[in-house]
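The opening position of the sequence shown corresponds to residue 949 in our numbering, with each subsequent residue numbered one higher. A virtual CB, placed ideally from N, CA and C, is assigned to each residue, including glycine. Fair warning: this is a prediction, and the values are worked out from it, not measured in the lab. Reviewing the structure listed below.
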Amino acid sequence: MTTNTEVEQWLNAKYGVDSELYQDLSRLITLGVEEGWAAYVEIAGPRYRRSQLLLPSAETFFFSATAVLMDSTDSSQNNPEGSFRGGYHSHPYGEINLVVPLSEGAALAGPNGWCYGGWTAPAPGSHHFPEVKGGAVISLSFLPAGRIAFDVKPPQS
């Protein structure tokens, strides 16, 4: 499976926010953040945390799983809509994100706009600042072969 807009649309149609799978995964990853075993490593203070949950293996179809918590509440970054941006990075093989808003109206920026709950699937070679608005969001991120690169630079405007 190659991540792209079609995969994102399929995930949201088949396993959207009202599906049993989305509800179960959302409940479990939220519990993990609350209990401190998921998204426990501070990247930029308590409002931006992540942790790897699974390494790629045959059992995970060679995807890794990482939990990320981002919270735009009281963001001092002066971004539009009061958003909070994390560290710029790229996805050599793409990414699949389960997006779990913890605050009413919270959203994660995806390749097809703001996601208020559901799935995003940035394509291979995509690069971006992870960005949230409207409060706190958990992203349960699945990376093919565990590949992510933080050694890329954002385009100069």
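Coil, strand or helix - residue i by DSSP
i: ILE977; result: helix
i: VAL965; result: coil
i: TYR988; result: coil
i: LEU959; result: helix
i: ALA1054; result: coil
i: THR953; result: helix
Cα-Cα separation between residue i and residue j, rounded to whole angstroms
i: HIS1037; j: ASN1026; result: 20 Å
i: LEU1017; j: SER967; result: 22 Å
i: VAL1080; j: GLU1043; result: 17 Å
i: ALA1015; j: ASN952; result: 21 Å
i: TRP985; j: GLN1000; result: 10 Å
i: ALA961; j: SER1105; result: 36 Å
i: PRO1040; j: PHE1011; result: 13 Å
i: GLY1053; j: ASP1019; result: 12 Å
i: SER1023; j: GLU990; result: 16 Å
i: SER974; j: PRO1092; result: 21 Å
i: HIS1075; j: ASP972; result: 29 Å
i: PHE1098; j: PHE1090; result: 16 Å
i: GLY1030; j: GLY993; result: 17 Å
i: GLU983; j: TYR970; result: 20 Å
i: VAL1100; j: VAL981; result: 28 Å
Beta bridge counterpart(s) of residue i as assigned by DSSP
i: ASN1027; result: Beta-bridge pairing links ASN1027 to no other residue.
i: TYR996; result: MET1018
i: LEU1001; result: LEU1001 is not bridged to any residue.
i: PRO1040; result: Note: PRO1040 sits in no beta bridge, so no partner.
i: THR1068; result: ASN1045
i: SER1012; result: LEU1091
i: GLY1035; result: Bridge partners of GLY1035: none, in fact.
Proximity below 8 Å, CB of residue i to CB of residue j
i: ALA1055; j: VAL955; result: no
i: PHE1077; j: PRO1102; result: yes
i: ILE1086; j: THR978; result: yes
i: GLY1083; j: LEU1046; result: no
i: THR950; j: PRO1028; result: no
i: GLY1066; j: GLY964; result: yes
i: LEU1002; j: ALA987; result: no
i: PHE1032; j: ARG997; result: no
Contiguous beta strand (DSSP E) assignments of at least 3 residues, all confined to the segment 1070–1102 | At a cut-off of 3 residues, the continuous stretches assigned as beta strand (DSSP E) that sit fully inside the segment 1070–1102 are 1074–1076, 1079–1081 and 1084–1092.
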